[in-house]
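Reading through the structure tokens given below for one structure.
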């Protein structure tokens, strides 16, 4: 059956889940305002293919900070020696937490706050903290992306050092150059 609003094959998206198990039914139950419990497993959207899911996980894992900040952190904290504890902590802590978050989200098919509230009502704040951190990081990276576009635009102007080989690099701060 294809949902016409989302064009996602709902039967195919949820066919890998066993039907009729008590655990499955508990994980997909929601209580509405009248107190009735409903099963919402087919109402949530799912990924169209495994390739789409894989690309989403890669995009989620490797962000702008890994490309932009990693060389600086490597230089600051001991060059090659920094890689050993970094990789150890990535394998021991980072990857299991990432897979745990992805597995819980895929299994429950709910929002971040609803997942933690269902696991334990005291953990609802953890979901809110996750949403808040994601919001702050998105604002921060918008500024970084803006600066990247600004520098790319100004690097192709006639007076830039990339176009005119005679100009030397200037140590005047950028904000003073903009005011001129």
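In our numbering, the protein residues as written are 869 to 1048.
Yeah, the Cβ is synthetic: ideal placement off N, Cα and C, and Gly gets one too.
TODO: Quick one: residues in its chain with C-beta nearer than 6 Å to the C-beta of residue 994, no 5 flanking neighbours on either side, listed in chain order?
DONE: Stepping through the chain shown from its first residue, residue 994 is reached at position 126. Excluding sequence neighbours, residue 994 sits near 984.
Open item on the list: Taking only three categories from DSSP, how would you classify residue 993?
Closed with: For the purposes of this step, residue 993 is identified with residue 125 of the chain shown, where counting begins at 1. In the structure shown, residue 993 falls within a helical segment according to DSSP collapsed to helix, strand and coil.
Task: 7 Å CB neighbourhood of residue 996 in its chain, flanking five on each side removed - done: Position 128 of the chain shown holds residue 996. Here residue 996 has 981 as same chain residues with Cβ atoms under 7 Å from its own Cβ, once five neighbours each way along the sequence are excluded.
TODO: Indicate whether residue 925 and residue 955 have their beta-carbon atoms separated by less than 9 Å.
DONE: Numbered from 1 along the chain shown, position 57 holds the residue referred to as residue 925. Numbered from 1 along the chain shown, position 87 holds the residue referred to as residue 955. For residue 925 and residue 955, no; Cβs fall outside 9 Å.
Task: For residue 920, three-class secondary structure by DSSP - done: For the purposes of this step, residue 920 is identified with residue 52 of the chain shown, where counting begins at 1. DSSP places residue 920 in helix when its eight states are reduced to three.
Task: Neighbourhood of residue 992 by C-beta distance below 8 Å, restricted to the same chain and skipping five residues each side - done: Taking the chain shown and counting its residues from 1, the one referred to as residue 992 is at position 124. Within the same chain, and ignoring the five residues on either side of residue 992 in sequence, the residues whose Cβ sits closer than 8 Å to its Cβ are 981, 984, 985.
Task: residue 937 in three-state terms, based on DSSP - done: Locating residue 937 in the chain shown gives position 69, where the first residue counts as 1. Here DSSP, grouped into helix, strand and coil, assigns residue 937 to coil.
TODO: Tell me whether residue 977 is buried or exposed, calling it buried when 16 or more other Cβ atoms sit within 10 Å of its Cβ.
DONE: Counted from its first residue, the chain shown places residue 977 at position 109. A buried status is given to residue 977, since no fewer than 16 other beta-carbon atoms sit within 10 Å of its beta-carbon.
TODO: Would you give the residue range spanned by the alpha helix (DSSP H) that residue 1025 belongs to?
DONE: Reading the chain shown from its first residue, position 157 is the one you call residue 1025. Counting along the chain, no alpha helix (DSSP H) covers residue 1025, and no H or E run does either.
Task: Extent of the continuous alpha helix (DSSP H) to which residue 988 belongs - done: By one-based count along the chain shown, residue 988 stands at place 120. Unbroken run through residue 988: none, as it is neither H nor E.
- [ ] Using the Cα positions of residue 947 and residue 941, report the straight-line distance between them to the nearest angstrom.
- [x] The residue given as residue 947 occupies position 79 in the chain shown. The residue given as residue 941 occupies position 73 in the chain shown. In this structure, the CA atom of residue 947 is about 8 Å from the CA atom of residue 941.
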